[in-house]
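Peer 1: There's a structure below that I have some questions on.
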Amino acid sequence: MKNGSQSRLSTARHEKEFASLRDLSARVGGNPLLVQASNGNTSIKLDGILWIKASGKWLAHAMQEEMFVPLDLVEVQQSVQDEMEIASPYTPNHELRPSIETAMHAVLRHRVVLHVHSVNAIAWAIRLDGPDLLTERLDGLPWQWVPYAASGIPLAREIQKAVASRPETDVLILGNHGLVVCGPDCHAAEKLLGEVERRLAITPRRFPKPDTTVLAIIARFARWQFPDVDLLHALGTDAASRKILRGGVLYPCQAIFLGPTMPLLPPAAVISKFTWSGQDTTPVFVAVERSGVMLNEKMTSAERATLMGLVHVTLRTEESARLRYLKEAEVMGVLNQGARGYKEILVAEEAKSPSEIGQFDWQPKTISKRNENHRESASSGRHRQHQRGV
Ligand SMILES: [Zn+2]
-18 MKNGSQSRLS TARHEKEFAS LRDLSARVGG NPLLVQASNG NTSIKLDGIL WIKASGKWLA
42 HAMQEEMFVP LDLVEVQQSV QDEMEIASPY TPNHELRPSI ETAMHAVLRH RVVLHVHSVN
102 AIAWAIRLDG PDLLTERLDG LPWQWVPYAA SGIPLAREIQ KAVASRPETD VLILGNHGLV
162 VCGPDCHAAE KLLGEVERRL AITPRRFPKP DTTVLAIIAR FARWQFPDVD LLHALGTDAA
222 SRKILRGGVL YPCQAIFLGP TMPLLPPAAV ISKFTWSGQD TTPVFVAVER SGVMLNEKMT
282 SAERATLMGL VHVTLRTEES ARLRYLKEAE VMGVLNQGAR GYKEILVAEE AKSPSEIGQF
342 DWQPKTISKR NENHRESASS GRHRQHQRGV
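Quick note on the numbering used here: the sequence shown kicks off at -18 and runs consecutively.
Given below as structure tokens:
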């Protein structure tokens, strides 16, 4: 990579380490069970410079795009101490702003820090009994639980407190948020991430298949389409997932990308008065009880990736689990303090380069074809035979 930022890598060894970070970032970012859209961030500390992923960038693109911002580590640490916003004096490209989670990376002593929104980790991190259950799962690893705090300085301060008494900590479970894994180099951090993921792994619950009869009514309205993967239907067909979603917001990305309340409708509401058809208030998806999910064709690939992540989490969470939802003030904090700006970057980027990543079919022609196929299937009753089949 030839650019302004590379000139700050003083030795060939550092260039190699930086290349390893990009390589690892792309691998981690390419795993939808670890990272969804632009969430997750990685960093490396080299010669007093903290290289941190830029806000709004997708880790999955780390090999194709410049996305790491070089910051003076001591200055960032001082900003955290003073509770000041982190400046980015070394940013060669003004479009790159350091991640909102930069402060957290700066207060950890490790050379390499990986922060992911692992769906397995989140499924533990939303449980009130998470710390107890993880004591057994993570036994022998230097780990700690950090209760929910807003991203930025508040979370960094909580982490600072946690590691002050146990500096050997390499793994942090962030309540209602995700996972942090650290190491002296990329190889060690990736190996530890693999071990933690192995221990946190939960087999997702199977869910009933969609019933397209009611969904076909929505498909007749402009801008609504059937999802291209059955997994998304679980938010409507899986009773436990519906119950979990009714409880509120489980983690910040859910509120940022999908809104503070989930659009769950009973089938009767669709049949009698479905009116969402392109107004500003139209949600990006709608889940119909026992039927499945329909997507707003204006849904961005970031919103879709977040929705997929949410399904992965709810299918890994037992109906009987006692969960900690974000408090109203915490949700408001997420939506009002910088999060909106964060999302605006994503939307602007997508406008420039439509989703190469999204495995999402954006062609209106094909969408109507997909809806057409579903209508035919629904009317012939073939799909209904499969409903609640598992
Ligand atoms: Zn995060």
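For glycine and all other residues, C-beta sits at the position ideal for the given N, C-alpha and C.
Measure from the alpha carbon of Ala84 to the alpha carbon of each residue in Val97, Val100 and Leu136, then state which is nearest.
Peer 2: Leu136
Peer 1: Am I right that Gly156 and Ala106 are in contact with their C-beta atoms under 8 Å? What's the rounded C-beta distance?
Peer 2: 5 Å
Peer 1: Going by DSSP in three states, His293 sits in which element: helix, strand or coil?
Peer 2: Correct three-state label for His293: helix.
Peer 1: Enumerate in chain order the residues of its own chain whose CB-to-CB distance from Asp110 is below 8 Å, with the five nearest sequence positions on each side excluded.
Peer 2: Ala302 and Arg303
Peer 1: Comparing the CB of Ser132 with every heavy atom of ligand 1, is any distance shorter than 8 Å?
Peer 2: Yes, the beta carbon of Ser132 sits closer than 8 Å to at least one heavy atom of ligand 1.
Peer 1: Taking only heavy atoms of ligand 1 into account, decide whether any of them is closer than 8 Å to the Cβ of Asn157.
Peer 2: no
Peer 1: Could you pull the start and end residues of the alpha helix (DSSP H) that Phe238 belongs to?
Peer 2: Pro233 to Leu239
Peer 1: DSSP three-state call for Leu155: helix, strand or coil?
Peer 2: strand
Peer 1: How would you call Thr(-8), buried or exposed, if buried means at least 16 neighbouring beta carbons within 10 angstroms?
Peer 2: So Thr(-8) counts as exposed.
Peer 1: Once DSSP output is grouped into helix, strand and coil, what is the label at Arg108?
Peer 2: Residue state, collapsed to three classes: strand.
Peer 1: So, are the CB atoms of Ile81 and Leu52 less than 9 Å apart?
Peer 2: Cβ atoms of Ile81 and Leu52: not closer than 9 Å.
Peer 1: Please state the DSSP three-state secondary structure of Met85.
Peer 2: helix
Peer 1: With a CB to CB cut of under 8 Å and the five nearest residues on each side skipped, what residues in its chain are close to Ile199?
Peer 2: Trp205, Val251, Phe255, Val267, Val269 and Met275
Peer 1: Could you tell me which residues DSSP pairs with Lys26 in its beta bridges?
Peer 2: Leu31
Peer 1: Inspect the beta-carbon positions of His91 and Cys167 and report whether they are closer than 9 Å.
Peer 2: no
Peer 1: Is it a yes or a no for the segment -6 to 4 touching the segment 142 to 154, going by three-plus beta-carbon pairs under 8 Å?
Peer 2: Cβ pair count under 8 Å is below three, so no.
Peer 1: State the DSSP-derived secondary structure class of Ala102, mapped to helix, strand or coil.
Peer 2: helix
Peer 1: Quick check: does the Cβ of Asn22 come within less than 8 Å of any heavy atom belonging to ligand 1?
Peer 2: yes
Peer 1: In the DSSP assignment, find the alpha helix (DSSP H) that holds Val57 and state where it starts and stops.
Peer 2: Unbroken alpha helix (DSSP H) run through Val57: Leu54 to Asp63.
Peer 1: Sort Lys190, Pro165 and Arg297 by Cα distance to Ile183 and report the nearest one.
Peer 2: Nearest of Lys190, Pro165 and Arg297 to Ile183, Cα basis: Arg297.
Peer 1: Would you mind reading off the limits of the beta strand (DSSP E) that contains Gln125?
Peer 2: Trp124 to Val127
Peer 1: Is DSSP giving Val50 helix, strand or coil here?
Peer 2: Strand, per DSSP.
Peer 1: Starting from Met313 and walking both ways along the beta strand (DSSP E), at which residues does that stretch end?
Peer 2: Looking at the DSSP string, Met313 is not in any beta strand (DSSP E); the run it does join, the alpha helix (DSSP H), is Glu309 to Asn317.
Peer 1: Alpha carbons only, please: which of Leu216, Ala236, Ile237 and Leu231 is nearest the one belonging to Leu246?
Peer 2: Leu216
Peer 1: Classify Ser253 as buried or exposed, calling it buried when 16 or more other Cβ atoms lie within 10 Å of its own Cβ.
Peer 2: exposed
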